[in-house]
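Notes follow once the structure below has been shown.
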Amino acid sequence: MKVYEVLAQAFVAEGTSDVFGMMGDANMHWMNALAQRGVRLYEVRHEGSGLGMADGWARTAGRPGVVTTTSGPGVAQLATSMIVASRARTPLVAFCGETAWGDQGAVQYLDQRRFAAAIECGFVHVSRADLAEEAVQRAFYLARTESRPIMLSAPIDVQKQDCEDADEYVPSTDLIPQVRSLPDPAAVETARDIVRASKRVVIIAGRGARRAGAGEQVLRLQERTGALLATTLQAKNWLCADTDYHVGIAGLYGNKTAMELLQEADCVIAVGASLNHYTIEHGYLFPDARYIQIDTAPHIVMGNGAVADAYIRADAVTGLTELTRALESRPVSLEGFHTAEVLRRLTAPLVAPAEFRGEPDRLDPREVIHVLDEEIPGEIGLVLGSGHQTDFGTMLFQRSREVLSNYGMFGAIGQAPLLTIGSIVANGNRPAFVVEGDASFLMHLSEFETACRYDLPILVVVMNDEGLGAEYHKARASGLDPELAVIPTPELGSVAAALGGGGATVRTPEQLRAALAEYVRAPRPSVIDVRITRDVVSVPYRRLLHGEDV
0 MKVYEVLAQA
10 FVAEGTSDVF
20 GMMGDANMHW
30 MNALAQRGVR
40 LYEVRHEGSG
50 LGMADGWART
60 AGRPGVVTTT
70 SGPGVAQLAT
80 SMIVASRART
90 PLVAFCGETA
100 WGDQGAVQYL
110 DQRRFAAAIE
120 CGFVHVSRAD
130 LAEEAVQRAF
140 YLARTESRPI
150 MLSAPIDVQK
160 QDCEDADEYV
170 PSTDLIPQVR
180 SLPDPAAVET
190 ARDIVRASKR
200 VVIIAGRGAR
210 RAGAGEQVLR
220 LQERTGALLA
230 TTLQAKNWLC
240 ADTDYHVGIA
250 GLYGNKTAME
260 LLQEADCVIA
270 VGASLNHYTI
280 EHGYLFPDAR
290 YIQIDTAPHI
300 VMGNGAVADA
310 YIRADAVTGL
320 TELTRALESR
330 PVSLEGFHTA
340 EVLRRLTAPL
350 VAPAEFRGEP
360 DRLDPREVIH
370 VLDEEIPGEI
380 GLVLGSGHQT
390 DFGTMLFQRS
400 REVLSNYGMF
410 GAIGQAPLLT
420 IGSIVANGNR
430 PAFVVEGDAS
440 FLMHLSEFET
450 ACRYDLPILV
460 VVMNDEGLGA
470 EYHKARASGL
480 DPELAVIPTP
490 ELGSVAAALG
500 GGGATVRTPE
510 QLRAALAEYV
520 RAPRPSVIDV
530 RITRDVVSVP
540 YRRLLHGEDV
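For the sequence shown, numbering that gives the first Met the number 0 assigns the number 0 to the initial residue and increments by one for each residue that follows.
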């Protein structure tokens, strides 16, 4: 058996079912061996795009995604998407071909170990034929346990060597103990005493709690304490259909009602949330609160530079269960925020339709989000990208649905459609939609053709202000010429149709509803180019650039 066959077999044993990437001399033998073993291969138009898809796949599937490139220039194309995946703490393995071992004169030679370090990626080298299986096992073990991308670099001459049959492969999952340890009882008692002394409790649920499936435990503690439930940006809309007292995102992307209510808290319980400076506004959002934090990390310094008053080191399910049990040992039940007045404030519309303002042939972006939330069923998942136009959706989507947000992950535009494609594959080709800006979408336009080629039912809603929206508004606020950030775009609906998908360019709410109805009726790769006004500034930008209290 050849080494490339041994490597492919080990990937399959690790659970690899889908691989995104681009074929070249240094990975084609491995890809061929994977195809022979039933792995689905998705050929992309750019290696970095393939990594973005593997990133979205991993975030959705909850296990390592896989991308592949050939040697040298193929590896170099990974840079931006790799840093995004690293900042998102995505478990991922990049199988990268390498020029012949020691041949630094090869045209495609690259010191891939040094490059991996520069792009925040772990590195494992296939240096000998007899170490091939061990290299795969180590790469997946590190990806899983450190929750980060790992580059597995395999010289082409080593891949082609013969390899003796080894013992049965042991996947990395067999090396990771699946145990839940009980938290320190003293920490639980301290947290219990803080809650009992409080009158207004807020629970902030983060991505860690969502991944752990701790929804039932969060809701039970909320009921016991009369708490408001807020989420971090990465857990947007989680559990919003399960409680009337869900206040949305805490922090910069929270609405004004949320800001006002959260400032009344005297106790904050964070579950699977690091409480960074965005979430707690450097502490200004909770001026009188004591903090309880439940997390698996050994220690966390919050966004206000302090540590929690009670730190319970445990997974979300165990930590919440133990805290609730401690509270129930001597019954305490708080009315807290669970009042008719709070409910009235929470159910008021975030933006009244009378406030919508567009211009001829251009829509108010807030109205666009309102229509999208109304017309797209909740079972269709949502991916949010980066940039000014994404702020509207980040704040205003209210319907309960699966949401994947890429905000804050290196600040790289253009990644969200790639993440969506990977997420759709991981979800068994279930439809999903992504909200992006025009510059962001055009950055990786060629990958819409990839979605068409594989018939992946992605809907790309382009919030098109024909420019670099963030830079346009920053330039205006800074006294610079905003017109330098204006970039006319073609009719993207027609471009999408030319690439083999569905497409529409819309300029009225009625046209938008009609285009959405067509996609919902028969989901297929589609682009809706929504022309929006530049005159409406998002709430986060109004706060950051103009100091407005909104």
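Note that CB positions come from ideal geometry on N, CA and C, so glycine has one too.
First and last residue of the uninterrupted beta strand (DSSP E) at residue i
i           : result
residue 410 : Careful: residue 410 lies outside any beta strand (DSSP E) and carries neither H nor E.
residue 152 : 148 to 154
residue 66  : 64 to 68
residue 202 : 200 to 204
residue 105 : Segment: none, residue 105 is in no beta strand (DSSP E) and carries neither H nor E.
residue 39  : 39 to 42
residue 18  : 17 to 20
Beta-bridge partners of residue i, as assigned by DSSP
i           : result
residue 463 : 530
residue 96  : 153
residue 289 : 266
residue 547 : Answer by DSSP bridge pairing: none, since residue 547 is not bridged.
residue 124 : 152
residue 283 : DSSP output for residue 283 lists no bridge partner at all.
residue 1   : 161
residue 503 : 527
residue 54  : Paired residues: none, contrary to the question.
residue 457 : 431
residue 101 : In the DSSP output, where bridge partners are listed per residue, residue 101 has none listed.
residue 436 : 462
residue 24  : BP columns for residue 24 are empty, so no partner.
Test item: CB-CB of residue i and residue j under 8 Å
i           : j           : result
residue 26  : residue 94  : yes
residue 132 : residue 108 : no
residue 52  : residue 19  : yes
residue 200 : residue 264 : yes
residue 374 : residue 516 : yes
residue 510 : residue 462 : no
residue 524 : residue 451 : yes
residue 367 : residue 431 : no
residue 114 : residue 75  : yes
residue 186 : residue 290 : no
residue 175 : residue 219 : no
residue 447 : residue 526 : yes
residue 362 : residue 508 : yes
residue 435 : residue 384 : yes
Limits of the alpha helix (DSSP H) - the one that residue i falls within
i           : result
residue 318 : 315 to 328
residue 336 : Element bounds for residue 336: n/a, residue is neither H nor E.
residue 140 : 131 to 145
residue 82  : 78 to 86
residue 312 : No alpha helix (DSSP H) contains residue 312, which is instead part of the beta strand (DSSP E) from 309 to 312.
residue 523 : Neither: residue 523 is in no alpha helix (DSSP H) and is coded neither H nor E.
residue 73  : 72 to 75
residue 173 : Note, residue 173: premise wrong, no alpha helix (DSSP H); not H, not E.
residue 190 : 184 to 195
residue 450 : 445 to 452
Chain C contact for residue i (CB, 8 Å cutoff)
i           : result
residue 134 : Given the protein chain composition of this structure (a single chain), no chain C is represented.
Distance cut-off 7 Å: residue i Cβ against heavy atoms of the ligand FAD
i           : result
residue 141 : In the structure shown, the ligand FAD is absent, as is every other ligand, since no ligand is present at all.
*asked:* For the structure I just gave you, are there three or more beta carbon pairs, one from the region 188 to 200 and one from the region 243 to 256, closer than 8 Å?
replied: no
Quick check on the DSSP output: what are the complete beta strand (DSSP E) runs of length 3 or more inside the region 215 to 276, in order along the chain?
227 to 230, 245 to 248, 266 to 270
* To do: Specify whether the region 437 to 452 and the region 414 to 421 touch according to this definition: at least 3 beta carbon pairs, one from each stretch, less than 8 Å apart.
  => yes
query: Should the region 310 to 325 be regarded as contacting the region 232 to 248, the criterion being three or more beta carbon pairs within less than 8 Å?
result: no
Three or more C-beta pairs under 8 Å: does that hold for the region 481 to 494 against the region 463 to 472?
yes
Pick out the complete alpha helix (DSSP H) segments inside the region 460 to 500, 4 residues or longer, and give them in chain order.
468 to 477, 491 to 497
field: Unbroken stretches of the alpha helix (DSSP H), 4 residues or longer, contained in the region 356 to 434
entry: 364 to 374, 387 to 395, 415 to 425
Review point. So does the region 171 to 179 actually touch the region 124 to 143, counting three or more Cβ pairs closer than 8 Å?
Key: yes
- the region 198 to 212 in contact with the region 175 to 185 per 3-pair CB rule at 8 Å: no
Review point. Is the region 267 to 283 close to the region 296 to 312, with three or more CB pairs under 8 Å?
Key: yes
| Do the region 390 to 406 and the region 21 to 39 touch if we need at least three Cβ pairs shorter than 8 Å? | no
Do the region 348 to 367 and the region 489 to 498 touch if we need at least three Cβ pairs shorter than 8 Å? no
Under 8 Å: do the region 155 to 166 and the region 280 to 299 share three or more Cβ pairs, one atom per stretch? no
Check your understanding: Does the region 144 to 151 come within contact of the region 87 to 105, defined as at least 3 CB pairs closer than 8 Å?
Key -> yes
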